[in-house]
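Residue numbering for the sequence shown is 5 to 391, as defined by this note's numbering. Glycine included, every Cβ here is placed at the ideal spot set by N, Cα and C.
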Amino acid sequence: MFDIVEKQVHIDLPLGHHLHCMICQIPNRLGVSDYVCRLADPEQKWQQIRSVLELIAEGKGNLKKCHFLVFPETSVPAARLDEALQIIDERLRPNSIIMFGLEHIQLAEYRQILYRYRNDNAEALAAVDKDLDSGDIAELPVNWSVTAIKESGGRLRVFLQAKSHPFVGEESLDSAHDLYRGKIFPLFRCQPYCFNFLSVICIDYVYRDLYQSNISAIIEKADQLFFETRQHLDLLLVLKCNPKPEHKAFRDVINGFYGEYLACTPGVRDTITVFCNASDESTGVKGGEGGTFGYSSVIIHKSHKIGPVKYSEFASDDFDGLPVCRLRFGSKTRLYYFNLPLFHELDPRTTRVPLKIHGIYRPDGKSWSLVEGEVGRALYPADRQIR
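Here is the structure:
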């Protein structure tokens, strides 16, 4: 399995005010080259990624309050990593956290990047060096993600994470199709404001072998955090490029994660789970024919009591009877901007909904514009301004 390694980061989050998150549900058009899954349109894709970063850097309205910016799995060209980090470092505001998946690279290349950012990735680098020393695996593909954190003092920290779960390419007798399996998951602990979050890559959320499961290891770590410090796992982010985002396996894990069927799990009861998927324009995923990408979502415990609503761009429900409240988005290419609930328990004196959608953006040429129509009237009535 994997080890969860705690990383202390200095993020000065606002006390007494909710945090903001943007899900970037954008398309992935993939192809395979030299056994490695790569973007078929890297230049076009980079321009789209860059336009989102520029939108946040410009910070119109309350976009300047964006704390978490999340892109899907395999969404950023690997050759553009340095340029993406440069934009984040030079143009985004302090206290910004950006997560994005990158197209596959070979393990030897991944090791070079780990070494470049070795101060923040010592454990992952040691694990890769041990694996490289034990076998001829330098050319194995790596499905990986980056968490770039611009601390309150302006320092940029870069954390790398490799997917631990096998992928569809491993359904072959040829070992060259195998995927390198990461062994280190960073758990970020923000100081001085106590906020703890963790990200995983798609199927890492549901993966298990005969004796252990990734999600049970995360729950155990969160429970340890609660019993030792009385803190929780506040946020779990899942970066996906999945044509079956609501597969039964995902539903089963969500049910167990929030259900407390066998034991009380105080470390995750109040966790907000964010699923960021690629949009329905995605292509090139083997086994994805006939599936439907999209439907990113936000899931919280049923104690938040969010009632059912339905609009053209989003809906809320309990995921067919689970002990949760789910905000479920559509499948189109969109940027979803919302706040993370501030309080873990509802104030019994109010019926205020703790989760608010602040904006939904659609592609508009080389930029993005707010969605209008039914959802626009729901979010932005004529008698008030956008918050």
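Please report the distance separating the alpha-carbon of residue i from that of residue j.
i    : j    : result
T258 : L111 : Residue identity differs from the one stated: residue 258 is Ile in this sequence, not Thr. Each residue's Cα considered, the two are about 32 Å apart.
I8   : P190 : 6 Å
I15  : I117 : 24 Å
V210 : N99  : 30 Å
I92  : K154 : 8 Å
E62  : D256 : 40 Å
D322 : I53  : 32 Å
K370 : G271 : 42 Å
R42  : P247 : 17 Å
P31  : P196 : 37 Å
W148 : T78  : 8 Å
E224 : G20  : 28 Å
L243 : F230 : 25 Å
G263 : A83  : 42 Å
V40  : Q90  : 26 Å
K314 : R330 : 12 Å
Q405 : R120 : The requested residue 405 does not occur in the structure, where the chain is confined to residues 5 to 391.
F163 : A88  : 14 Å
P367 : Y265 : 43 Å
K252 : R33  : 25 Å
S203 : V13  : 15 Å
D157 : D140 : First, the amino acid is wrong: residue 157 is Gly here, not Asp. If I take the Cα positions, the gap works out to 42 Å.
S220 : S286 : 31 Å
A130 : L374 : 45 Å
Hey, would you say residue i sits closer than 7 Å to residue j, going by beta carbons?
i    : j    : result
V4   : L106 : Lying outside 5 to 391, the shown extent of the chain, residue 4 is not represented and no answer is given.
D284 : S335 : yes
L237 : T277 : no
V328 : I303 : yes
S301 : C280 : no
V146 : I207 : no
C245 : P76  : yes
S168 : R185 : yes
F104 : V150 : yes
A152 : I102 : yes
A319 : R338 : no
G35  : G295 : no
L57  : M26  : no
I188 : E127 : yes
Y340 : I310 : no
I22  : K69  : The amino acid occupying residue 22 in the given sequence is His; Ile does not appear at that position. In this structure, K69 does not lie closer than 7 Å to H22 by Cβ.
T269 : D324 : no
H305 : R273 : yes
W372 : L85  : no
Take the Cβ of residue i as the centre, count every other Cβ of all protein chains shown within 10 Å, and call the residue buried at 16 or more, exposed below.
i    : result
D387 : Note that D387 has pLDDT 44, beneath the 50 cutoff, so the model's placement of it is unreliable and no number is given.
N394 : With the chain represented from 5 up to 391, any question about residue 394 goes unanswered, as that position is not in the structure.
F297 : buried
P345 : buried
R356 : exposed
D133 : exposed
P249 : buried
Q29  : buried
K49  : buried
L214 : exposed
P358 : buried
S138 : exposed
T233 : exposed
For the beta strand (DSSP E) containing residue i, name the first residue and the last one.
i    : result
N343 : 338–344
T277 : 276–280
P46  : Taken as a continuous stretch (DSSP letters only), P46 belongs to no beta strand (DSSP E), being part of the alpha helix (DSSP H) at 46–62.
Y119 : Run containing Y119: none in the beta strand (DSSP E); it sits in the alpha helix (DSSP H), 111–120.
V357 : Counting along the chain, V357 falls outside any beta strand (DSSP E), and DSSP gives it neither H nor E.
H2   : The question about residue 2 has no answer here: the residues shown for the chain are numbered 5 through 391.
L191 : 188–196
L43  : 40–43
L374 : 371–374
What residue range does the alpha helix (DSSP H) around residue i cover?
i    : result
A128 : 126–138
F6   : That residue, F6, is in no alpha helix (DSSP H); it is neither H nor E in DSSP.
R255 : 252–263
L85  : 85–95
What does DSSP give as the partner residues of residue i in its beta bridges?
i    : result
F230 : DSSP output for F230 lists no bridge partner at all.
V204 : V242
D321 : R330
G158 : DSSP, once it has assigned bridges, lists no residue as partnering G158.
P145 : Q110
I73  : A quick correction: the sequence has Leu, not Ile, at residue 73. According to DSSP, L73 bridges with M26, I102.
F297 : For F297, which the question treats as bridged, DSSP gives no partner whatsoever.
I15  : P196
I219 : In the DSSP output, where bridge partners are listed per residue, I219 has none listed.
K314 : A319
With hydrogens ignored, establish whether the beta-carbon of residue i is closer than 6 Å to any heavy atom of the ligand ADP.
i    : result
L164 : For the ligand ADP, the structure offers nothing, since it holds no ligand at all.
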